[in-house]
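Asks: In my numbering, the protein residues as written are 774 to 1626. We treat Cβ as the ideally placed atom computed from N, Cα and C, and that holds for glycine. Below are the structure tokens for one structure; questions will follow.
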């Protein structure tokens, strides 16, 4: 695909050609009392172009409808020599039109230009169908007057006679169906079998894929030299079918869409009933009889009138009658009985286009047919009024001549209606297939007798069972979708048929169309609200009320619209959605269908998908997650809950979340506490997470060993300190004290459970270890209390009274080697040290135990 950036447009004063007024000689000749008249101050620029088709589009989103002309001077033959520049004419606020430069810079043989959102950004792009083996292309609207050209590769060497936009395969992107004349010039000769249709499937970014394999084969023998193709839902299944005209061999036919963009041939009896009908140039679809099915105006498909022919640009055209075919309610058109458009009101003409509107505000589509003038005073543009769905007839004189009967309007080849100056009256743009005649904009005349009526009629919403479109039950988060057919009685249907709303972006928009509003058009929309007590309360909510949701529609072909949105959640497990479907036309006339109410619930199928929706509190397989509802924490201890999986409702379980793993806590029932190696009570204070507060067994003063060892006390260690006494009081209180938990009191050394000083010399006590209980006079040891009672041991003096100086260099009371009269006897050198050591141990031992006692 070739992408070429077109040159950016210059400032307005340089890039737009100033409109030139008609010559003074021309203006009076265009006067007359027809419903539509020329405004001498609002004329279109003319450069000798031959216009094949006209398209209307608000290309710059300013609220005023602009005009596009596809120009080429070719007819049944053509080449690059017939190429001309196309035109985009910008509406200057209803006061005139100027040509936008930098859009169509190079001439080509465009036979058709259509507008639609091809790149899904909410503004209108253009697709150009080029004839005579040319290159068709797309112009992507970048805003600010800039366009990017993208060639359609499948269109190379094709001769595109017409094309239509629509989403034929239902993927949300606009596709293109086009007629191909082939290369057998002159077109329309008996040997011209034409070429098959072209189907290009949109990707949503302005590019396309070749969809031709989805079309039936052999179409080149069905129709040739096709001036018109229409996408129409003929059987009301909201799938776009195809209608093909033929001015060559064969006759018009249809293609039936199976809903996915796969087509099969649809034989139309009314087009094949008479061999004389081997010409039909155009279709105009609309529901004329009000039965909800699309009928057809088909031009030049009836018998002619001998000799009533003219020559235009070297080609002879002979007049033929038109027809209005009624849909049989099964998606087809039987032979035309000629009763809805009687022959008396349907003389042979050279009509090439017809467009509908509700001219008299009666809620029925009327139409104007236009074409080439057969004689000087021939009414080549006529207004037909719908007789309450029972038939059509020409408007009364002078209204039957829709446009002035003047030479300047003798070659009208195409027309479209829109309100160009915002006076709430339909105006019309006319393309003329003559290099010597300009194109025109005619304005609806303000005259109560023979003017165009002020638009007071609301749009038409086809009621095909709206009350059931959303059903009676929706689920929160569910994608809801409806299709609708809505028009303002005009064919074709455009964005600009609907209200221009500068406040659109300020509303509570939702759904697929919410982001596609760069056009600022109030396209047909669904509005809804939740939790209304009375459905009629919806009607009282202003558009800007935050409780009201507005879901804009997306156009997908013909007059078909699609709304798609996700059902919102309002905080309640059960709710209601009250909705209606509405449309507001460009003249600010509003219509709604509804209101209707739908019940909202939680979809049980969504529970278990692993995603916690806003109306779910859980979505897993835990014991307390029941139907995606977390039961733990609701204040009730239910059957599937216990202290382990729901301590909030069922009381504390083993897990106290204090940071220490205290059995029976483990990694399964208390992962918060047991995420480290070891447990509280294993004798090791693992800090962190264990500390004196969360694991006193390992980290605090209380070791729970049965013995009350200070600083243990009855407060910080009640398990150990629930008896009289404490470990270290020299009393072995058994139980609970024993040699293991209180060795200071209960070990054999030093007292074996007794108490030194209790007056009893126990088996393990000696005069040395406990002189208080075991001292014996005559043991050569001056024990406490023997100073007076045992002079033979103490010789009247104490070993520690300070009266026995050590003549051997020791200190008072300590006998180092020998002593002179203080009980220390000098020994030989070999034994002196041993006795000295024993004596030293004995003296110190007595003093230690006496001191402790």
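1) Starting from residue 1313, trace the beta strand (DSSP E) in both directions and tell me its first and last residue.
2) Rounded C-beta distance between residue 1092 and residue 1074? I'm assuming under 8 Å.
3) Can you name the start and end residues of the beta strand (DSSP E) that residue 1044 belongs to?
4) Verify whether the separation of the beta carbon atoms of residue 961 and residue 1021 is less than 8 Å.
5) Please confirm if residue 1191 has its CB atom under 8 Å from at least one CB of chain D.
6) Is the distance from the Cβ of residue 1017 to the Cβ of residue 996 below 8 Å?
7) In this structure, what does DSSP give as the bridge partners for residue 1216?
8) In terms of alpha-carbon separation, which member of 1366, 1411, 971 lies closest to residue 1015?
9) Look at the alpha carbon of residue 1413 and the alpha carbon of residue 1377, and state the distance between them as a whole number of angstroms.
10) For residue 1642, which residues of its own chain have a beta-carbon under 8 Å away from its beta-carbon, when the five flanking residues on both sides are left out?
11) Candidates 936, 849, 1550: which alpha carbon is nearest residue 1090's?
12) Please name the residue or residues paired with residue 1353 in a DSSP beta bridge.
13) Using the three-state DSSP reduction, which class does residue 1386 fall into: helix, strand or coil?
14) Using 8 Å for Cβ pairs, my map puts residue 1477 next to residue 1492. What's the rounded Cβ distance?
15) Identify every run of the beta strand (DSSP E) within the segment 1250-1309, keeping only runs that are complete inside it and at least 3 residues long; order them along the chain.
16) Give the straight-line distance between the Cα atoms of residue 840 and residue 1287, rounded to the nearest whole angstrom.
17) What is the DSSP secondary structure of residue 1396, counted as helix, strand or coil?
18) Under a Cβ-count criterion, where at least 16 other Cβ atoms within 10 Å of its own Cβ denotes burial, should residue 909 be classed as buried or exposed?
19) In three-state terms, what does DSSP make of residue 1140?
20) Is residue 1354 closer than 8 Å to residue 1316 when the C-beta atoms are compared?
21) On the three-state DSSP scale, how would you describe residue 1544?
22) Evaluate the contact criterion for the segment 1337-1348 versus the segment 950-957: three or more CB pairs, one atom per stretch, below 8 Å.
23) Does the beta-carbon of residue 884 have 16 or more other beta-carbons within 10 angstroms, so that it is buried, or is it exposed?
24) So what's residue 1572 in DSSP terms, helix, strand or just coil?
25) Kindly confirm or deny that the segment 1168-1187 and the segment 1130-1144 touch, where touching means at least three C-beta pairs closer than 8 Å.
26) Counting only runs that start and end within the segment 1099-1158, where is the beta strand (DSSP E) found for 3 or more residues in a row?
27) Leaving out five residues on either side along the sequence, give the residues of the same chain with a beta carbon under 7 Å from the beta carbon of residue 1509.
28) Indicate the three-state DSSP secondary structure (helix, strand or coil) for residue 1071 in the structure shown.
29) To the nearest angstrom, how far is it from the Cα of residue 911 to the Cα of residue 876?
30) What first and last residue would you give for the alpha helix (DSSP H) that runs through residue 1515?
31) Would you decide whether residue 1242 is buried or exposed? Buried here means 16 or more other CB atoms lie within 10 Å of its CB.
32) For my contact list, residue 1505 and residue 1513 are in at a C-beta cut-off of 8 Å; report their separation, rounded to the angstrom.
33) So who's on the other strand from residue 1094, going by DSSP bridges?
34) Give the single residue among 963, 989, 988, 982 whose Cα lies nearest to the Cα of residue 1019.
Replies: Concretely, from the data shown:
1) Here residue 1313 refers to the residue found at position 540 when the chain shown is read from its first residue. No beta strand (DSSP E) contains residue 1313, which is instead part of the alpha helix (DSSP H) from 1310-1313.
2) Numbered from its first residue, the chain shown carries residue 1092 at position 319. Numbered from its first residue, the chain shown carries residue 1074 at position 301. 12 Å between Cβ atoms; not a contact.
3) The count along the chain shown starts at 1 and reaches residue 1044 at position 271. Where residue 1044 is concerned, there is no enclosing beta strand (DSSP E), although the alpha helix (DSSP H) it sits in stretches over 1042-1045.
4) The residue labelled residue 961 in the question sits at position 188 within the chain shown. The residue labelled residue 1021 in the question sits at position 248 within the chain shown. Yes. Within cutoff.
5) Chain labels in this structure do not include chain D; a single protein chain is all it has.
6) Working through the chain shown from its first residue, we reach residue 1017 at position 244. Working through the chain shown from its first residue, we reach residue 996 at position 223. A contact, by the Cβ cut-off of 8 Å.
7) Here residue 1216 refers to the residue found at position 443 of the chain shown. Per DSSP, 810.
8) Taking the chain shown and counting its residues from 1, one reaches residue 1015 at position 242. Answer by Cα proximity: 971.
9) Residue numbering aside, residue 1413 sits at position 640 when the chain shown is read from its first letter. Residue numbering aside, residue 1377 sits at position 604 when the chain shown is read from its first letter. Their backbone Cα atoms lie some 20 Å apart in a straight line.
10) No answer is possible for residue 1642: it lies beyond the span of the chain, which begins at 774 and ends at 1626.
11) The count along the chain shown starts at 1 and reaches residue 1090 at position 317. Measuring from the Cα of residue 1090, the nearest candidate turns out to be 849.
12) Along the chain shown, one-based indexing puts residue 1353 at 580. According to DSSP, residue 1353 bridges with 1300.
13) Here the question's residue 1386 lines up with position 613 in the chain shown. In this structure, residue 1386 counts as coil in the three-state DSSP scheme.
14) Position 704 of the chain shown, counted from the start, is the residue given in the question as residue 1477. Position 719 of the chain shown, counted from the start, is the residue given in the question as residue 1492. Residue 1477 to residue 1492, Cβ: 5 Å. Contact.
15) 1252-1260, 1298-1303
16) Residue numbering aside, residue 840 sits at position 67 when the chain shown is read from its first letter. Residue numbering aside, residue 1287 sits at position 514 when the chain shown is read from its first letter. One C-alpha to the other measures close to 27 Å.
17) Reading the chain shown from its first residue, position 623 is the one you call residue 1396. The answer is coil: DSSP assigns residue 1396 none of H, G, I, E or B.
18) Residue numbering aside, residue 909 sits at position 136 when the chain shown is read from its first letter. Buried: at least 16 other Cβ atoms inside 10 Å.
19) What you label residue 1140 is simply residue 367 of the chain shown in a count that begins at 1. Strand.
20) Position 543 of the chain shown, counting from 1, holds the residue named residue 1316. Position 581 of the chain shown, counting from 1, holds the residue named residue 1354. Contact flag unset, no.
21) Start at 1 with the first residue of the chain shown, and residue 1544 comes out as number 771. The answer is helix: DSSP assigns residue 1544 an H, G or I state.
22) no
23) As a working mapping, residue 884 is identified with position 111 in the chain shown. When all chains shown are included, residue 884 counts as buried.
24) Sequence index remark: in the chain shown, residue 1572 carries index 799 (1-based). Reliability fails at residue 1572, whose pLDDT of 42 lies under 50, so the model's placement of it is uncertain and the value that follows must be treated cautiously. It is coil, neither helix nor strand.
25) yes
26) 1123-1130, 1139-1145
27) Locating residue 1509 in the chain shown gives position 736, counting from the first residue. So the qualifying residues of the chain are 1479, 1480, 1496.
28) Position 298 of the chain shown, counting from 1, holds the residue named residue 1071. In this structure, residue 1071 counts as strand in the three-state DSSP scheme.
29) Here residue 911 refers to the residue found at position 138 when the chain shown is read from its first residue. Here residue 876 refers to the residue found at position 103 when the chain shown is read from its first residue. Straight-line Cα distance between these residues: approximately 11 Å.
30) Position 742 of the chain shown, counting from 1, holds the residue named residue 1515. Here residue 1515 belongs to no alpha helix (DSSP H), and DSSP marks it neither H nor E.
31) Counting from 1 along the chain shown, the entry for residue 1242 is found at position 469. Looking at its Cβ environment, which holds 16 or more other Cβ atoms inside 10 Å, residue 1242 is buried.
32) The residue labelled residue 1505 in the question sits at position 732 within the chain shown. The residue labelled residue 1513 in the question sits at position 740 within the chain shown. About 12 Å separates the two Cβ atoms, so there is no contact after all.
33) Here residue 1094 refers to the residue found at position 321 when the chain shown is read from its first residue. Its beta-bridge partners do not exist; DSSP assigns none.
34) Mapped onto the chain shown, residue 1019 falls at position 246. If we check each option's Cα against that of residue 1019, 963 comes out closest.
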